Amino acid sequence: MAHAHASGVVHRDVKPDNILLERASGRALVSDFGIARVGSGPTTGPQRVVGTAAFMSPEQATGAPVDARSDLYSLGVVGFFVLSGRLPFEGPDEVAVLARHVTDPPPALASVAADVPPRLAQAIDRCLAKDPGARFASGEALAEALATALDRRAAVAVRAFVTEARHLSTTALLYGAASSVTLALTSMRVVQDPTRRAWATLFVVAALITAVPLAVMLGRVRRLLQAGYGRRDLTDALRAELTHRREELAFLYGHGPSRLERLLHGVTYTCLAIAVGIAGAVFGAPDLDHVTGISTAFAIVSVGAILAALVARRRTELRTDPKTERRMRFWNGRLGGWLFKVAGLRLAPRGESPAAAALSPVVTPVPGGRDA
275 MAHAHASGVV HRDVKPDNIL LERASGRALV SDFGIARVGS GPTTGPQRVV GTAAFMSPEQ
335 ATGAPVDARS DLYSLGVVGF FVLSGRLPFE GPDEVAVLAR HVTDPPPALA SVAADVPPRL
395 AQAIDRCLAK DPGARFASGE ALAEALATAL DRRAAVAVRA FVTEARHLST TALLYGAASS
455 VTLALTSMRV VQDPTRRAWA TLFVVAALIT AVPLAVMLGR VRRLLQAGYG RRDLTDALRA
515 ELTHRREELA FLYGHGPSRL ERLLHGVTYT CLAIAVGIAG AVFGAPDLDH VTGISTAFAI
575 VSVGAILAAL VARRRTELRT DPKTERRMRF WNGRLGGWLF KVAGLRLAPR GESPAAAALS
635 PVVTPVPGGR DA
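According to this note's numbering, the sequence shown is numbered sequentially starting from 275.
So this is what it looks like as structure tokens:
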């Protein structure tokens, strides 16, 4: 399309039906230049609009002069549809749709497709600006923005941050165990001797236990900020890692619970039901407690429920990667935002960093569109 624009050709009917995907090479080819025109100028004749209403730019809909940026608007509508599964403007007929293209502000892509990476959503939103001057100046500029947004390779500093988190997981586990023992012993001392000094000691120990991991995380976040990357770069990288991991796990274990998982869940619930039944029977008739084997049966079904639940959970964890999901929730949450805010104090303002990662576009059926 950029080549056509460089030759002064405006397509005027960019839509999914006119974009061909070459399976062998993965190239996207624009077809059907039937209503294209050379140079800018009025887009229509008297009382006649040419193009497809659902994908038409405001200036084309009003018969104003069009240039390459009109095609970029239409391409933005295509991108919006591919990523969200819906069109930015819909209506009962073509006239209503055209009126909305001219007058209504487009919905932000992130508001209807929350999983789309922010930089990709921003590029699509910019294409849908009403004012042609607010859009990308050329197809090359749009292609560069999309290449940056769709680059799955996280920057070295961001990859190092994610890798360091994995390396620290064992240390964090040991620290948590030691901290739990220390806190328990200190609490026992307070119970035995609830003096003001004992309470103060418990408070200091709890504060230190909390402060150490916070200080470590603040230091790591500050190094990331000093390298010129921020919270969005980290969450983009984690999102890409989670996407890659889910693709691998889906290939290995399928998209949903396996037969083994369902069987284990069934065993768990069955054993729990039997254990509850035995406990209820013994509670209602204490004489049953002396029946031979009742205690053994209760122990067997209880242990069976625990083992089946543990194995089922392990299988689910292999399929879903909960660790990365927890990291995503943490850094997207309030505490993650607070850490970046505190770590960024007294740091010089940073420029826009390169995109860390993005999700692959979703292939969605194309709605039937009629020419207006």
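Every residue gets a Cβ at the ideal spot worked out from N, C-alpha and C, and that includes glycine.
None of the values given here were measured: they were computed from a predicted structure.
Is it true that the CB of residue j sits closer than 8 Å to the CB of residue i?
i	j	result
VAL585	ALA549	no
ALA338	GLU368	no
LEU402	VAL351	yes
VAL616	LEU492	yes
SER461	LEU476	yes
VAL304	ASN292	yes
ALA384	VAL390	yes
SER344	GLU333	yes
ALA419	ASP399	no
GLY413	HIS279	yes
THR598	ARG519	yes
ARG593	LEU508	no
ALA553	PHE572	yes
LEU346	LEU416	yes
In the structure shown, what three-state DSSP assignment does residue i receive?
i	result
THR475	helix
LYS326	Per the sequence shown, residue 326 should be read as Thr rather than Lys. Correct three-state label for THR326: strand.
PHE410	coil
ALA631	Residue placement at ALA631 is flagged as unreliable, the pLDDT there being 35, under the threshold of 50; the coordinate-derived value follows with that caveat. The answer is coil: DSSP assigns ALA631 none of H, G, I, E or B.
PRO468	coil
ARG360	coil
MET275	coil
VAL664	Since the first and last residues shown for the chain are 275 and 646, residue 664 lies out of range.
GLY642	Since pLDDT at GLY642 reaches only 43, below the 50 mark, its modelled position is unreliable, and the value read off the structure follows with that caveat. In the structure shown, GLY642 sits in coil (DSSP, three-state: anything other than H, G, I, E or B).
ALA431	helix
VAL340	coil
GLY350	helix
LEU394	helix
ARG400	helix
Which ranges does the alpha helix (DSSP H) cover as unbroken runs of at least 4 residues, wholly within the region 552-615, from first to last along the chain? DSSP runs (the alpha helix (DSSP H)) wholly in the region 552-615: 568-594, 596-606.
At 4 residues or longer, and completely inside the region 485-564: list those alpha helix (DSSP H) runs for me, N to C. 505-527, 533-558
What are the start and end residues of each continuous beta strand (DSSP E) run of 3 or more residues lying completely inside the region 277-312, in chain order? 293-295, 302-304
Can you find at least 3 beta carbon pairs, one from the region 519-537 and one from the region 458-468, that sit closer than 8 Å? no
Do three or more CB pairs link the region 511-526 to the region 432-439 at distances below 8 Å? Yes, since at least three Cβ pairs between the region 511-526 and the region 432-439 fall closer than 8 Å, the two stretches touch.
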